[in-house]
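Residue numbers (our numbering): 95 to 315.
Step one of this worksheet: look at the structure below.
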C-alpha cells in the first residue's frame, strides 16, 4: 500500500509543479513542464489502473499489456491537454497559414506585419475572438511566451481571404534590431473581444487571459 500512496503523492507533486510553472511563467523549457505533467499523470493513475487490471483481467499474462495500454492512452490524452494549457495551442485547431515580414511601404512607416491566408478556418470564433499579431526581437535567453518587448497590432475581425495585419514598431525594437540581440519572431493570437493590447506584456499573459496561440514564426526584419 505504501508504494501506491507514494507514487500518487509524487504524481500530484509533478503535475502541480508543471501547472504552477505554466501559469506563473517559471523560466523552464516547455518540454520540461509537459514531461512533468505526463509523468505525474502516469504516477497518479498507476494505482487505479493496477487495481482495475487485477480485478477485471483474471489472466496474469494479459494484465501487463492491459495496464500498459490503458496507462499509455491516459498519458497521451493528458499530454494533449497539457500542450494546450502550457502553450495555448489547441491541437484540434489548424495552424494558421501566414506570411510575415514588412512590405517596402510598411518598412518606410516603421511597421512590419503578417498576412493570414486561412482565416475562414476559425469562423467558430467570429462572435467571441479577433486576430492580433505581434512581433518581438527574441534573444532566446528565455521562453518565447515569457519574453517582454512585444510589438502589437490592432485587433482584426475573423474572415476569409488574405488578411494583412500591420504591426507598428517602436524605437526599442529598432535599437534591439541594430544591436543584433536576437531574431524577429512573429506570433498570431486569437484574443477575446474584450482583451486589448495594453492588457498583457507577454504572450503567456495573453494566453492566461483567454487568448489562443495560433502560430509563431521567425523572419525579417
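No residue lacks a Cβ here, since even glycine has one placed at the ideal position from N, Cα and C.
Item to check | Residue interval of the beta strand (DSSP E) (run including residue 227) | outcome: Here the question's residue 227 lines up with position 133 in the chain shown. Residue 227: member of the beta strand (DSSP E) spanning 223-232, first to last residue.
Next on the checklist: Can you tell me whether residue 300 is helix, strand or coil according to DSSP?
Outcome noted: Against the chain shown, residue 300 aligns to sequence position 206. In the structure shown, residue 300 sits in a helix (DSSP, three-state: H, G or I).
Item to check | Sub-8 Å separation of residue 214 and residue 267 beta-carbons | outcome: Working through the chain shown from its first residue, we reach residue 214 at position 120. Working through the chain shown from its first residue, we reach residue 267 at position 173. Against a cut-off of 8 Å, the Cβ pair of residue 267 and residue 214 comes out as no contact.
Item to check | Beta-carbon proximity of residue 261 to residue 250, cut-off 8 Å | outcome: For the purposes of this step, residue 261 is taken as residue 167 along the chain shown, with counting starting at 1. For the purposes of this step, residue 250 is taken as residue 156 along the chain shown, with counting starting at 1. No, the pair does not count as a contact, with Cβ atoms beyond the cut-off.
Checklist entry - Would you say residue 259 and residue 220 are within 8 Å of each other, going by their C-beta atoms? => result Residue 259 sits at position 165 when you count from the first residue of the chain shown. Residue 220 sits at position 126 when you count from the first residue of the chain shown. Taking 8 Å as the cut-off, the Cβ atoms of residue 259 and residue 220 do not count as close.
Checklist entry - To the nearest angstrom, how far is it from the Cα of residue 141 to the Cα of residue 102? => result Along the chain shown, read from residue 1 onward, the residue named residue 141 stands at position 47. Along the chain shown, read from residue 1 onward, the residue named residue 102 stands at position 8. Rounded to the nearest angstrom, the two C-alpha atoms are 7 Å apart.
Item to check | Bounding residues of the beta strand (DSSP E) (the contiguous stretch that carries residue 189) | outcome: To locate residue 189, count along the chain shown from 1; it is residue 95. Residue 189 -> no beta strand (DSSP E), and no H or E assigned at all.
Next on the checklist: Quick check: the segment 284-294 against the segment 200-207, are at least 3 beta-carbon pairs closer than 8 Å?
Outcome noted: No, because fewer than three Cβ pairs between the segment 200-207 and the segment 284-294 fall closer than 8 Å, the two stretches do not touch.
Item to check | Helix, strand or coil at residue 294 according to DSSP, with G and I counted as helix | outcome: Translated into the one-based positions of the chain shown, residue 294 becomes position 200. It is coil, neither helix nor strand.
Item to check | Exposure label - residue 216; buried when at least 16 CB within 10 Å | outcome: Residue mapping note: residue 216 aligns to position 122 of the chain shown, counting from 1. Buried, since its Cβ has 16 or more Cβ neighbours within 10 Å.
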